[in-house]
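Written below as structure tokens is the structure these notes are about.
Number of protein chains: 2
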Amino acid sequence: MTDRSKDVVFSSRVRFARNITSLPFPDKLTGEEGIYSVLMRGVEKALAPLGEFRMYRMNGLDHTEAQSLVERHLISPALVGSRYGAVMISALQDLSVMINEEDHIRAQCIVSGFDLAGAFKRLVEADKAMAAQLDFAFDEKYGYLTACPTNMGAGMRASFMVFLPGLALSGSLGSVLNTLPKFGVTARGVYGEGSGAQGFMYQISNQAMIGAGEEEILGRVTKVAESFIRAERAAREELARRGGVDLKDKIMRAYGVLTNACKISSEEFMELIAYVKLGICLEYIAADADKADELITLTQPAMLCKAAGKKLNAEERDITRARIVQKALAR
Amino acid sequence: MTDRSKDVVFSSRVRFARNITSLPFPDKLTGEEGIYSVLMRGVEKALAPLGEFRMYRMNGLDHTEAQSLVERHLISPALVGSRYGAVMISALQDLSVMINEEDHIRAQCIVSGFDLAGAFKRLVEADKAMAAQLDFAFDEKYGYLTACPTNMGAGMRASFMVFLPGLALSGSLGSVLNTLPKFGVTARGVYGEGSGAQGFMYQISNQAMIGAGEEEILGRVTKVAESFIRAERAAREELARRGGVDLKDKIMRAYGVLTNACKISSEEFMELIAYVKLGICLEYIAADADKADELITLTQPAMLCKAAGKKLNAEERDITRARIVQKALAR
Numbered sequence: 098m099t100d101r102s103k104d105v106v107f108s109s110r111v112r113f114a115r116n117i118t119s120l121p122f123p124d125k126l127t128g129e130e131g132i133y134s135v136l137m138r139g140v141e142k143a144l145a146p147l148g149e150f151r152m153y154r155m156n157g158l159d160h161t162e163a164q165s166l167v168e169r170h171l172i173s174p175a176l177v178g179s180r181y182g183a184v185m186i187s188a189l190q191d192l193s194v195m196i197n198e199e200d201h202i203r204a205q206c207i208v209s210g211f212d213l214a215g216a217f218k219r220l221v222e223a224d225k226a227m228a229a230q231l232d233f234a235f236d237e238k239y240g241y242l243t244a245c246p247t248n249m250g251a252g253m254r255a256s257f258m259v260f261l262p263g264l265a266l267s268g269s270l271g272s273v274l275n276t277l278p279k280f281g282v283t284a285r286g287v288y289g290e291g292s293g294a295q296g297f298m299y300q301i302s303n304q305a306m307i308g309a310g311e312e313e314i315l316g317r318v319t320k321v322a323e324s325f326i327r328a329e330r331a332a333r334e335e336l337a338r339r340g341g342v343d344l345k346d347k348i349m350r351a352y353g354v355l356t357n358a359c360k361i362s363s364e365e366f367m368e369l370i371a372y373v374k375l376g377i378c379l380e381y382i383a384a385d386a387d388k389a390d391e392l393i394t395l396t397q398p399a400m401l402c403k404a405a406g407k408k409l410n411a412e413e414r415d416i417t418r419a420r421i422v423q424k425a426l427a428r
Numbered sequence: 098m099t100d101r102s103k104d105v106v107f108s109s110r111v112r113f114a115r116n117i118t119s120l121p122f123p124d125k126l127t128g129e130e131g132i133y134s135v136l137m138r139g140v141e142k143a144l145a146p147l148g149e150f151r152m153y154r155m156n157g158l159d160h161t162e163a164q165s166l167v168e169r170h171l172i173s174p175a176l177v178g179s180r181y182g183a184v185m186i187s188a189l190q191d192l193s194v195m196i197n198e199e200d201h202i203r204a205q206c207i208v209s210g211f212d213l214a215g216a217f218k219r220l221v222e223a224d225k226a227m228a229a230q231l232d233f234a235f236d237e238k239y240g241y242l243t244a245c246p247t248n249m250g251a252g253m254r255a256s257f258m259v260f261l262p263g264l265a266l267s268g269s270l271g272s273v274l275n276t277l278p279k280f281g282v283t284a285r286g287v288y289g290e291g292s293g294a295q296g297f298m299y300q301i302s303n304q305a306m307i308g309a310g311e312e313e314i315l316g317r318v319t320k321v322a323e324s325f326i327r328a329e330r331a332a333r334e335e336l337a338r339r340g341g342v343d344l345k346d347k348i349m350r351a352y353g354v355l356t357n358a359c360k361i362s363s364e365e366f367m368e369l370i371a372y373v374k375l376g377i378c379l380e381y382i383a384a385d386a387d388k389a390d391e392l393i394t395l396t397q398p399a400m401l402c403k404a405a406g407k408k409l410n411a412e413e414r415d416i417t418r419a420r421i422v423q424k425a426l427a428r
């Protein structure tokens with residue numbers, strides 16, 4: 098469980114925002130001006146040596162397919178249905194380069210567990226390759242120029258997704274989250290701004306840090322992640338010691354329902370899988386932790402439709418979700 | 098499942114009320130007058146040839162032990178702590194003879210499944226043996242004389258315990274129960290008069306039938322049982338056909354909780370085991386039906402204390418109950 102601190106950190110992500118000097122910002126685009134000839138071909142050419150990639154043009158993409166990219170955190174919800182939007186995604190699904198989201202280029206690397214340094218390294222490689230092909234808007238004084246001034250400078254955001262049942266159940270999560278702004282970071286739900294926290298999962302990322310360098314942002318967010326890992330582990334130990342039979346009962350019931358239910362809603366699943374994940378961490382349950390983590394993505398609505406190969410109504414999704422969950426958690 | 102219709106009828110019971118001419122009715126007893134010399138020795142002597150029996154004197158009996166007899170339906174709650182009460186119980190726990198309950202003698206035979214005729218036959222055997230030893234109060238015109246006039250005549254009650262999830266869940270149970278008085282029978286909860294129905298279980302017995310003979314009572318109750326068996330099976334078939342995934346989901350969740358919970362209250366257990374028993378009947382669950390039935394007795398409070406060999410508080414009982422249930426239902 099300590100491999101890249103996966104018991105606490107679900108995933109680590111770094112993204113860069115970049116723009117091209119010769120093009121108006123995406124929200125000013127009125128035609129297909131230069132999109133293909135400059136942006137898309139440039140990105141394609143730059144990434145080709147880095148491995149296998151696939152390009153999706155958003156305006157030609159089926160809604161389910163687009164949603165499933167959002168659910169896998171490969172694109173932002175804002176890109177869905179966008180007229181000039183596109184995305185290049187690596188075969189390993191670690192690298193994704195959104196085209197014409199808020200900025201011309203939003204490149205991100207996402208890896209499982211706690212490895213911001215690794216994600217950063219791989220992203221820098223892609224960024225250098227793109228910089229060699231495209232004329233990035235960069236100012237000696239302000240750094241990378243971005244559509245929104247708060248992103249100017251490094252144009253970088255580092256974030257990680259944490260699983261905090263220990264802090265949440267011990268009642269200390271609220272005060273911990275309240276101290277985050279002091280450290281220049283902010284907490285959100287799993288699916289970005291405005292989405293509520295589900296299943297004790299939080300996305301922590303740096304706030305706007307105009308003028309801060311890449312290393313500074315990375316160092317700051319890494320430090321916060323490390324303190325979350327320490328605090329959460331301590332809280333779990335305490336919880337296991339004091340929670341006694343009530344906590345174990347709650348965990349085992351959640352496991353019993355997830356491994357037997359014939360239909361389950363997304364909300365109930367998220368609540369129960371959180372307890373099951375905690376149970377795996379506390380060694381009450383001998384299920385595969387990685388499989389439990391994967392379920393959070395695999396049971397999202399569009400992913401379920403993709404798995405079934407057809408549109409599913411709400412009840413069909415609940416039934417398909419239950420089947421997938423049961424299979425993944427079976428002893 | 099059709100062996101003695103155990104899928105619907107949990108148990109069958111027949112009891113006789115008898116009194117001794119030479120003794121005042123139990124509620125008039127003021128001393129130990131004749132209890133041992135006449136009643137107890139007479140009963141002991143009569144039953145000895147019928148197999149192994151054990152005598153419990155209520156005033157010397159530990160409360161947990163006494164309650165565990167109530168929970169196994171071997172004595173009535175009224176006998177617990179009674180000063181002149183006693184009970185003789187066969188080693189097989191099918192025959193029990195209460196002494197100085199409402200009447201001098203309340204003899205019953207209880208068997209699992211639907212077998213009123215078998216229970217009656219074994220009870221008659223015991224009754225004859227006792228009649229040969231004791232001077233039963235019998236009147237040519239009124240039949241057996243009893244403390245309460247409603248029992249006069251045959252002094253007999255025939256009853257059976259039914260499991261009616263099909264009728265209950267299809268919404269037709271209420272109207273079925275309402276017609277019972279017309280057939281001279283009445284429905285109560287599992288633990289007799291005043292106890293609520295738990296887990297779709299009902300005890301059906303003949304109402305007072307002054308002047309009716311043994312065969313008539315037996316015939317009438319048997320007929321009611323047979324119609325319950327037919328109606329309940331039809332309701333279950335219909336339920337399985339129409340209930341679809343919602344019913345199966347409810348059943349499988351109940352199974353999931355019962356096989357994983359670390360503590361469980363009596364009320365929740367009764368609700369969930371009913372669904373699990375239904376699931377076994379509908380072949381959704383491959384657990385042992387007899388074991389599921391036994392659990393209803395084994396998880397009663399005093400039975401749990403007996404199993405643990407010590408007094409248990411409410412939480413300890415809930416934990417012990419969960420452990421016993423989990424073991425019995427494990428695949």
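Chains Z and B, in that order, give the protein sequences. Just so we're on the same page, the working numbering is the position in the first sequence counted from 1, plus 97. Just so we're on the same page, the working numbering is the position in the second sequence counted from 1, plus 97. Quick reminder that beta carbons are idealized off the backbone N, C-alpha and C, glycines included.
{"Item": "Chain-ordered residues of the stretch 338 to 355 of chain Z with a beta carbon less than 7 Å from chain B", "Value": "Val342, Lys345, Asp346, Met349, Arg350, Tyr352, Gly353, Val354"}
{"Item": "4 or more residues per run - each alpha helix (DSSP H) lying fully within the stretch 293 to 369 of chain B", "Value": "311 to 355"}
{"Item": "Counted within 10 angstroms of its Cβ, other Cβ atoms place Met98(Z) as buried (16 or more) or exposed", "Value": "Note on Met98(Z): pLDDT 43, under 50, position unreliable in the model; the coordinate value appears next. Burial call: exposed."}
{"Item": "Burial state of Thr247(B), where buried means 16 or more other Cβ atoms lie within 10 Å", "Value": "exposed"}
{"Item": "Inter-residue spacing [alpha-carbon to alpha-carbon] between Leu176(B) and Met298(B)", "Value": "23 Å"}
{"Item": "Chain B within 8 Å of Asn410(Z), Cβ atoms only", "Value": "no"}
{"Item": "Residue range of the unbroken alpha helix (DSSP H) whose run includes Arg110(B)", "Value": "Run containing Arg110(B): none in the alpha helix (DSSP H); it sits in the beta strand (DSSP E), 106 to 115."}
{"Item": "Cβ separation of Ala399(B) and Thr161(B), assumed to be a contact under 8 Å, to the nearest whole Å", "Value": "5 Å"}
{"Item": "Buried or exposed (CB count within 10 angstroms, at least 16 for buried), Pro278(B)", "Value": "exposed"}
{"Item": "C-beta contact flag for Cys402(Z) and Val342(B) at 8 Å", "Value": "no"}
{"Item": "Closer than 8 Å to chain Z by CB, Ile314(B)", "Value": "no"}
{"Item": "Collapsed DSSP secondary structure at Met98(Z) in the structure displayed", "Value": "Note that Met98(Z) scores 43 on pLDDT, short of 50, meaning its location in the model is unreliable; the coordinates nonetheless yield the value given after this. Three-state result, Met98(Z): coil."}
{"Item": "Closer than 8 Å to chain Z by CB, Lys360(B)", "Value": "yes"}
{"Item": "Ser256(B) beta carbon less than 8 Å from that of Gln300(B)", "Value": "yes"}
{"Item": "Beta-carbon spacing of Arg420(Z), Thr396(Z) below 8 Å", "Value": "no"}
{"Item": "For Thr118(B), the nearest candidate out of Ser209(B), Gly286(B), Ala228(B), Asn275(B) (CA to CA)", "Value": "Ala228(B)"}
{"Item": "Below-8 Å beta-carbon distance, Ile416(Z) vs any chain B residue", "Value": "yes"}
{"Item": "Neighbour-count burial assignment, Lys374(B), 16 or more Cβ in a 10 Å radius", "Value": "buried"}
{"Item": "Within-8 Å CB hit, Asn303(B) to chain Z", "Value": "no"}
{"Item": "Burial state of Arg339(B), where buried means 16 or more other Cβ atoms lie within 10 Å", "Value": "exposed"}
{"Item": "Residue environment, Asp205(Z), which counts as buried when at least 16 other CB atoms sit within 10 Å", "Value": "Here residue 205(Z) turns out to be Gln, not Asp, going by the sequence shown. Flag for Gln205(Z) reads buried."}
{"Item": "Proximity to Glu311(Z) [Cα-Cα], best of Ala411(Z), Met253(Z), Leu344(Z)", "Value": "Met253(Z)"}
{"Item": "Test: Asn357(B) CB closer than 8 Å to a CB of chain Z", "Value": "yes"}
{"Item": "Other residues of its chain near Asp236(B): CB distance less than 7 Å, five sequence neighbours each side excluded", "Value": "Leu242"}
{"Item": "Presumed contact (8 Å Cβ cut-off) between Ile202(Z) and Ser193(Z), rounded CB distance", "Value": "Wrong, their Cβ atoms sit about 11 Å apart, outside the cutoff."}
{"Item": "Nearest residue (CA-CA) to Cys245(B), options Met367(B), Asp124(B), Ser109(B), Arg180(B)", "Value": "Asp124(B)"}
{"Item": "Environment of Leu171(B) [buried if 16+ CB atoms lie within 10 Å]", "Value": "buried"}
{"Item": "Unbroken beta strand (DSSP E) run spanning Leu192(B), endpoints", "Value": "192 to 196"}
{"Item": "Endpoints, alpha helix (DSSP H) assigned at Met258(Z)", "Value": "Taken as a continuous stretch (DSSP letters only), Met258(Z) belongs to no alpha helix (DSSP H), being part of the beta strand (DSSP E) at 253 to 260."}
{"Item": "Status (buried if at least 16 other CB within 10 Å, exposed otherwise) for Ser108(Z)", "Value": "buried"}
{"Item": "Where the beta strand (DSSP E) through Ser134(B) begins and ends", "Value": "Careful: Ser134(B) lies outside any beta strand (DSSP E) and carries neither H nor E."}
{"Item": "Own chain residues within Cβ distance below 6 Å of Gly148(Z), not counting five before or after", "Value": "Ser187"}
{"Item": "Buried versus exposed, by CB contacts within 10 Å (16 or more), Lys103(B)", "Value": "buried"}
{"Item": "Where Tyr153(B) sits in the DSSP three-state scheme", "Value": "strand"}
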